[in-house]
Amino acid sequence: MRLRSKWITGILCVALMIGCYSQADIVAAKEEPPQGFIEIVDLDKNVLIKRVKFDNKLSDKMKVVLADMRLNGRSNLDFPKGILMKVPLHTRVHNEWFDDMIREAIVIFEPGQQPLVLLFNRKNQPVLFTASSDGGLLGLVKN
């Protein structure tokens with residue numbers, strides 16, 4: 349599976365705001381059981397390296413990631429190295445900058461950096477955050 353850096357850059361370019369911390373209110377609306385797979389992509393090689401069944405345990409880890417994020421004002425949105433995870437969700441995220449239902453989140457792990465979280469609102473507009481924790485998700489790559 350090839351990722352087009354043009355696609356990633358285009359989506360992420362919209363998120364150019366000043367970063368501040370906020371506690372997010374994670375509220376499950378019409379709680380649905382977790383389903384689908386987390387797709388893990390190696391950005392160095394642009395290949396899908398793993399698919400992991402999404403379950404309640406992984407859903408809880410993702411909620412830890414979403415619970416404490418700050419808006420990211422990154423202007424260079426090229427991610428040549430690291431790991432990208434596409435996580436299926438059905439959750440409401442509410443903080444100072446984002447209040448919407450999400451169906452998926454994209455978590456980006458760059459070497460030596462805090463995780464980045466890309467969320468899309470109802471209008472499919474991307475918002476980029478920096479998470480204070482990986483919630484244990486990075487361990488999926490090693491297992």
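For what it's worth, my numbering labels the leading residue of the sequence shown as 349, then goes sequentially.
In this text, a Cβ means the ideal position worked out from N, Cα and C, and glycines have one as well.
- The Cβ-Cβ distance between Ser-481 and Asp-403 does not fall below 8 Å.
- Taken in chain order, the stretch 428-466 contains no complete alpha helix (DSSP H) segment of 4 residues or longer.
- Leu-485 and Val-441 have their alpha carbons spaced roughly 18 Å apart.
- Of the residues assessed, Ile-388 falls on the buried side of the cut-off, its CB having 16 or more other CB atoms within 10 angstroms.
- For Asp-408, the closest alpha carbon among the candidates His-438, Gln-462, Pro-474 is that of His-438.
- Between the alpha carbons of Ile-454 and Gly-430 lies a gap of roughly 13 Å.
- Less than 8 Å divides the Cβ of Met-410 from the Cβ of Gly-483.
- In the DSSP annotation of this structure, the continuous segment of the alpha helix (DSSP H) that includes Leu-488 starts and ends at 487-490.
- Beta-bridge partners of Ala-479 (DSSP): Met-417.
- In the DSSP assignment, Ile-388 is bridged to Lys-398, Met-433.
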